[in-house]
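Respectively, the protein sequence lines represent chains L and W.
Here this note's numbering is used: the first residue of the first sequence is 282, the next is one more, and so on.
Here this note's numbering is used: the first residue of the second sequence is 282, the next is one more, and so on.
Don't be surprised by glycine CBs; every beta carbon is placed ideally from N, CA and C.
One structure is given below, encoded as structure tokens.
There are 2 protein chains.
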Amino acid sequence: MSEDLEKICKTVLERVTPSREKREKIEALAKELEAKVASAAADFGVKAIVRLEGSVAKDTWLSEEPEIDVFMRLPTSIPRKSLGEVALKVARRAAEGARQVERFAEHPYLEAFVDDVRVNIVPCYDTKPGEWLSATDRTPYHTDYAKKRLTSQMKDEVRLLKRFMKGVGVYGAEIKVGGFSGYLCELLIISFENFANTLKAFAQHKGRMIVDIENHYRGRRDELPLLFSEPLVIVDPVDMGRNVASAVQSQKLYTFVAAARAFLEKPSLKFFYPSETKPLTTKELKARISTRGSIMLFVVFGKVEAVSDVLWGQLYKSQRSLKKLIKLNDFGLLRCAVWSNEKDLNAFILELESRYLPPVKKHLGPPMGKERECKSFLAKYACATGTVAGPYIEDGRWIVHVRRRHTDAAALLYERLKDGGRSAGIAKEIAHVLQHGFKILVNEEVEEIYEKDSEFAKFLTEFLSGKPKWLEDM
Amino acid sequence: MSEDLEKICKTVLERVTPSREKREKIEALAKELEAKVASAAADFGVKAIVRLEGSVAKDTWLSEEPEIDVFMRLPTSIPRKSLGEVALKVARRAAEGARQVERFAEHPYLEAFVDDVRVNIVPCYDTKPGEWLSATDRTPYHTDYAKKRLTSQMKDEVRLLKRFMKGVGVYGAEIKVGGFSGYLCELLIISFENFANTLKAFAQHKGRMIVDIENHYRGRRDELPLLFSEPLVIVDPVDMGRNVASAVQSQKLYTFVAAARAFLEKPSLKFFYPSETKPLTTKELKARISTRGSIMLFVVFGKVEAVSDVLWGQLYKSQRSLKKLIKLNDFGLLRCAVWSNEKDLNAFILELESRYLPPVKKHLGPPMGKERECKSFLAKYACATGTVAGPYIEDGRWIVHVRRRHTDAAALLYERLKDGGRSAGIAKEIAHVLQHGFKILVNEEVEEIYEKDSEFAKFLTEFLSGKPKWLEDM
Chain L
282 MSEDLEKICK TVLERVTPSR EKREKIEALA KELEAKVASA AADFGVKAIV RLEGSVAKDT
342 WLSEEPEIDV FMRLPTSIPR KSLGEVALKV ARRAAEGARQ VERFAEHPYL EAFVDDVRVN
402 IVPCYDTKPG EWLSATDRTP YHTDYAKKRL TSQMKDEVRL LKRFMKGVGV YGAEIKVGGF
462 SGYLCELLII SFENFANTLK AFAQHKGRMI VDIENHYRGR RDELPLLFSE PLVIVDPVDM
522 GRNVASAVQS QKLYTFVAAA RAFLEKPSLK FFYPSETKPL TTKELKARIS TRGSIMLFVV
582 FGKVEAVSDV LWGQLYKSQR SLKKLIKLND FGLLRCAVWS NEKDLNAFIL ELESRYLPPV
642 KKHLGPPMGK ERECKSFLAK YACATGTVAG PYIEDGRWIV HVRRRHTDAA ALLYERLKDG
702 GRSAGIAKEI AHVLQHGFKI LVNEEVEEIY EKDSEFAKFL TEFLSGKPKW LEDM
Chain W
282 MSEDLEKICK TVLERVTPSR EKREKIEALA KELEAKVASA AADFGVKAIV RLEGSVAKDT
342 WLSEEPEIDV FMRLPTSIPR KSLGEVALKV ARRAAEGARQ VERFAEHPYL EAFVDDVRVN
402 IVPCYDTKPG EWLSATDRTP YHTDYAKKRL TSQMKDEVRL LKRFMKGVGV YGAEIKVGGF
462 SGYLCELLII SFENFANTLK AFAQHKGRMI VDIENHYRGR RDELPLLFSE PLVIVDPVDM
522 GRNVASAVQS QKLYTFVAAA RAFLEKPSLK FFYPSETKPL TTKELKARIS TRGSIMLFVV
582 FGKVEAVSDV LWGQLYKSQR SLKKLIKLND FGLLRCAVWS NEKDLNAFIL ELESRYLPPV
642 KKHLGPPMGK ERECKSFLAK YACATGTVAG PYIEDGRWIV HVRRRHTDAA ALLYERLKDG
702 GRSAGIAKEI AHVLQHGFKI LVNEEVEEIY EKDSEFAKFL TEFLSGKPKW LEDM
């Protein structure tokens with residue numbers, strides 16, 4: 282390990298390792314909540330095994346951001362569709378007096394804030410391995426496995442890895458991030474021993490990386506690439522049929538790979554703690570956009586009635602559809618993004634080479650070898666009103682020049698979204714909002730939302746740079 | 282054969298078959314020239330076997346356009362480099378009094394006009410098959426072979442095929458056309474028996490067509506696709522190592538295929554005798570260009586000192602280079618063409634979607650798997666002044682947005698051609714002319730040459746339509 286790297290890791294560890302006082306406080310709080318959940322369950326006559334899980338249970342939490350996960354393992358006799366109702370009732374009682382947010386995506390749980398600490402009260406079924414009934418049934422087994430395998434030194438390494446991943450923006454399994462979960466970090470440290478080795482392994486990532494810690498596929502490792510299709514495969518030690526990294530978006534994986542390379546090349550604290558973005562002033566923003574030469578289109582709309590994971594799932598799905606729409610119509614898409622404050626403001630951002638396209642385009646017909654297709658092509662285009670020139674033969678195929686249907690990207694978006702955009706692939710809840718109104722802002726017109734939301738201002742400032750923070754003074 | 286087709290062929294044959302009077306006149310003229318060449322050779326003490334070759338010798342000429350080829354077979358003792366000099370001396374004497382044009386490309390010959398009939402006086406070596414020393418040594422053997430194989434009925438079919446090919450613009454082996462030679466037409470009729478069958482065979486052309494009339498490759502036909510790479514292979518009956526169709530441009534082959542299909546579908550006299558193009562008036566031209574929406578660029582220059590075949594070879598080569606230049610710089614090329622009156626006016630014509638490009642473009646870097654390439658990409662772009670945004674990661678590779686070097690196609694052409702354009706791939710003689718001056722005309726500015734040359738006007742009128750004549754009322 283280089284001296285630099287060692288020094289930096291030491292500094293980071295000082296910040297992320299909980300002090301004795303903090304540890305005592307959090308552990309006491311956790312115990313107290315466990316007891317409250319158990320007692321609330323008893324009050325309602327719900328037979329539950331209540332236990333602390335997650336990073337606090339495994340002692341891999343970051344001092345700066347503790348998060349307490351209390352699980353209740355419920356009998357499999359409770360039907361899947363009643364699970365949420367039963368669990369929320371118990372959880373609400375247990376967290377009485379605290380600020381509460383109901384979370385319900387694929388799985389129901391209650392988020393509460395107690396003494397400024399985030400607490401998740403989560404139900405699951407009390408099942409045996411392999412008999413999973415809901416998404417979180419594996420969690421207690423993950424806790425047991427990690428506790429058994431992680432030495433005290435390794436827990437520090439997990440903290441370093443988590444902090445690094447947070448710093449470069451790839452930590453978190455929620456849909457919004459699509460990054461690495463805490464359990465995944467623990468498995469990586471178990472597999473590669475420490476933080477530096479994990480970075481080294483990912484720095485060399487080529488095509489695919491497959492890790493099978495418990496050797497579930499002993500003697501048939503060559504089946505693994507066929508069983509799993511993702512570029513990163515970490516076989517779950519408690520469930521050989523599951524890839525713990527299956528939800529890691531390739532964008533996050535590759536960002537981690539690139540950051541690992543850059544960090545190993547030139548270690549720096551800024552990977553763990555990037556500087557806060559200072560948003561451009563409105564005047565700077567307008568100047569930046571106008572000298573840039575490209576065109577920025579913002580599709581801006583209001584509140585979507587959906588919990589975070591559903592919202593982001595629909596935003597990303599809709600973004601992919603918009604991207605396809607723009608590309609299909611030949612606009613030179615430079616980049617796109619999506620932003621949401623998860624409250625009253627959402628935006629799709631599309632950066633194009635140009636808002637307008639020339640009125641005529643070349644349309645390639647079939648190669649001469651395809652006689653039947655040539656015949657119908659000629660029948661369709663030879664005397665059509667939209668044909669500007671041709672048909673003629675070039676490089677062994679028929680060609681015509683035709684008028685484009687859409688030459689203005691903003692008009693195209695407006696036309697396809699004004700009814701909600703379901704036919705253009707906009708997801709349901711978003712389409713519902715668009716139907717009732719949205720705005721398309723072009724270039725500096727964005728100032729109207731830029732000044733309203735400072736988080737958006739930071740986001741757009743970063744988007745315009747495009748460069749990851751850790752690349753800034755390369 | 283459909284009734285229509287039969288009727289049309291009959292009409293065409295009436296026009297292309299020489300009448301007895303015309304035949305007598307041409308044959309007498311040929312005989313006379315043969316005698317003159319023989320006597321001139323004797324005068325100069327050149328030992329030559331003088332004989333009529335080509336379409337008149339084989340009786341496959343078109344009544345409308347007779348062309349007399351008189352060959353002198355010279356002893357192999359004359360060095361290759363003196364062949365032209367010796368032959369031209371004899372030919373000039375033989376054609377004394379007639380208008381003469383010296384032709385010298387790969388092979389020297391004299392073109393003369395006697396009684397308005399084109400006469401070619403061509404030297405070759407008196408060699409045995411397989412011992413060829415110059416490009417035309419095979420010709421006497423071709424004549425002998427065709428005379429032996431063509432029945433009187435087949436000669437009519439050759440005439441039909443030639444006339445059809447002239448009508449659809451694919452007849453002629455000269456570089457300007459790059460089409461089918463007369464000998465190739467004869468071989469096609471020998472192979473497919475008649476005109477209609479030849480069209481039927483080509484209408485079904487898929488990928489490749491290979492014909493080996495004399496069965497030179499008996500028992501090893503599967504070697505043929507490996508020995509020859511062209512999409513049309515007609516093994517020369519007098520030289521199994523030669524593809525008679527090797528100089529047929531794929532553009533001409535596919536045009537013939539398409540015309541054959543259209544004709545068989547709906548036979549018409551217009552395939553043989555297309556209507557004369559009526560050029561647009563200057564006013565119409567300007568209106569047409571402006572409503573069209575695309576951009577027409579004309580690179581216009583003066584006389585090139587080169588014989589026809591050399592001129593067209595260099596024009597086409599230079600055109601390919603310009604095409605590459607325009608495409609490499611991302612301009613949306615719709616179509617391009619080249620025009621020359623072979624005298625004082627030459628033009629490259631480029632039709633683009635747009636004259637200007639947006640100032641910024643997306644530049645794709647290496648995929649993340651290529652660690653070293655990623656490193657140099659980041660070193661090059663992360664802090665470069667031309668980088669507008671990024672580097673960032675997308676779809677597993679690094680991306681940057683950079684400023685384009687060229688955003689105006691006319692300026693790009695001017696800049697790359699003003700020194701002659703050798704570095705842009707312009708052929709030597711053309712570069713020599715460009716160096717001394719050229720014009721770039723944009724859209725209706727072309728009026729200045731349009732009004733000067735009626736052949737150019739016809740050409741441009743056809744180019745703007747883009748459609749083959751025979752497709753016009755489909």
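Item: Who are the near neighbours of L/G335 in its chain, counting only those whose CB is closer than 6 Å to its CB and skipping five residues on each side?; Value: D350
Item: List, in order along the chain, the chain W residues whose C-beta lies closer than 9 Å to that of L/V525?; Value: Neighbours of L/V525 on chain W: none; closest Cβ ~21 Å, over 9 Å.
Item: Spell out a yes or no on whether the segment 683 to 690 of chain W and the segment 619 to 638 of chain W are touching, meaning 3 or more CB-CB pairs, one atom from each, closer than 8 Å.; Value: yes
Item: Relative to the C-alpha of W/G463, which candidate in W/Q485, W/T420, W/D493 and W/A618 has its C-alpha closest?; Value: W/T420
Item: Against chain L, does W/T666 count as a neighbour if the rule is that its beta carbon must be under 8 Å from one of theirs?; Value: no
Item: Taking Cβ-Cβ distances shorter than 8 Å, what residues in chain L pair up with W/T536?; Value: I674
Item: Just how far apart, CA to CA, sit W/I307 and W/R399?; Value: 11 Å
Item: Under 8 Å, Cβ to Cβ, is there at least one residue of chain L near W/K605?; Value: no
Item: Could one say the Cβ of L/A281 lies closer than 8 Å to chain W's Cβ atoms, at least one of them?; Value: No information on residue 281 of chain L is available, as it lies outside the stretch 282 to 755 that chain L covers here.
Item: Are three or more beta carbon pairs between the segment 579 to 587 of chain L and the segment 287 to 300 of chain W nearer than 8 Å?; Value: no
Item: Going by the CB atoms, is the gap between L/L465 and L/D407 shorter than 8 Å?; Value: no
Item: By the 10 Å Cβ neighbour count, where 16 or more other Cβ atoms means buried, how is W/T341 classified, buried or exposed?; Value: buried
Item: Is the beta carbon of W/L603 less than 8 Å from the beta carbon of W/L566?; Value: no
Item: In the structure shown, what three-state DSSP assignment does L/D350 receive?; Value: strand
Item: Taking its Cβ as the centre, do 16 or more other Cβ atoms sit within 10 Å of W/H717, making it buried, or is it exposed?; Value: exposed
Item: In terms of alpha-carbon separation, which member of W/L294, W/K481, W/Y498 and W/L606 lies closest to W/F544?; Value: W/K481
Item: Closest to L/V439 by C-alpha separation, out of L/Q381, L/V293, L/R653 and L/K547, would be which residue?; Value: L/V293
Item: Does any C-beta atom of chain W lie closer than 8 Å to the C-beta of L/S571?; Value: no
Item: Looking at the C-beta of L/L513, does it have a partner C-beta in chain W at a distance below 8 Å?; Value: no
Item: Alpha carbon to alpha carbon, how far is L/R573 from W/K443?; Value: 60 Å
Item: Leaving out five residues on either side along the sequence, give the residues of the same chain with a beta carbon under 7 Å from the beta carbon of L/I456.; Value: D590, W593 and G594
Item: Kindly list, in the order they appear in chain W, the residues whose Cβ is closer than 9 Å to that of L/A670.; Value: R573, S575, L615, R616, E632, F744, L745, S746, G747 and K748
Item: Between W/V641 and chain L, is the shortest Cβ-Cβ distance under 8 Å, so that the two count as touching?; Value: yes
Item: With a threshold of 8 Å between beta-carbons, can W/G463 be considered close to chain L, or not?; Value: no
Item: Within 10 Å of its beta-carbon, does W/G671 have 16 or more other beta-carbons around it, so buried, or fewer, so exposed?; Value: buried
Item: List the residues of chain L that W/H423 touches, going by C-beta distances under 8 Å, in chain order.; Value: The contacting residues do not exist; W/H423 stays about 29 Å from chain L at best.
Item: What are the residues in the segment 539 to 550 of chain W lying within 9 Å of chain L by C-beta distance?; Value: A539, R542, A543 and E546
Item: Cα-Cα, which of W/V382, W/V403, W/C405 and W/H388 is closest to W/F394?; Value: W/V382
Item: Identify the contact partners of W/E728 in chain L, using a Cβ-Cβ distance below 8 Å as the criterion.; Value: In chain order: nothing, as chain L lies at least about 20 Å away.
Item: Could you check where the beta strand (DSSP E) with W/I674 kicks off and where it finishes?; Value: T668 to E675
Item: Tell me the rounded alpha-carbon separation between L/R332 and L/M353.; Value: 6 Å
Item: Check whether the Cβ atoms of L/P512 and L/S527 sit closer than 8 Å, and answer yes or no.; Value: no
Item: Since W/P389 contacts W/L369 with CB under 8 Å, what's their CB separation in whole angstroms?; Value: 6 Å
Item: For the beta strand (DSSP E) containing W/S363, list its first residue and its last residue.; Value: Counting along the chain, W/S363 falls outside any beta strand (DSSP E), though it belongs to the alpha helix (DSSP H) covering R361 to A375.
Item: If you drop the 5 nearest sequence neighbours on each side, which residues of the same chain put their C-beta closer than 8 Å to that of L/I680?; Value: K643, H644, L645, G646, G671, P672, Y673 and I674
Item: Helix, strand or coil: how does DSSP classify W/F325 here?; Value: coil
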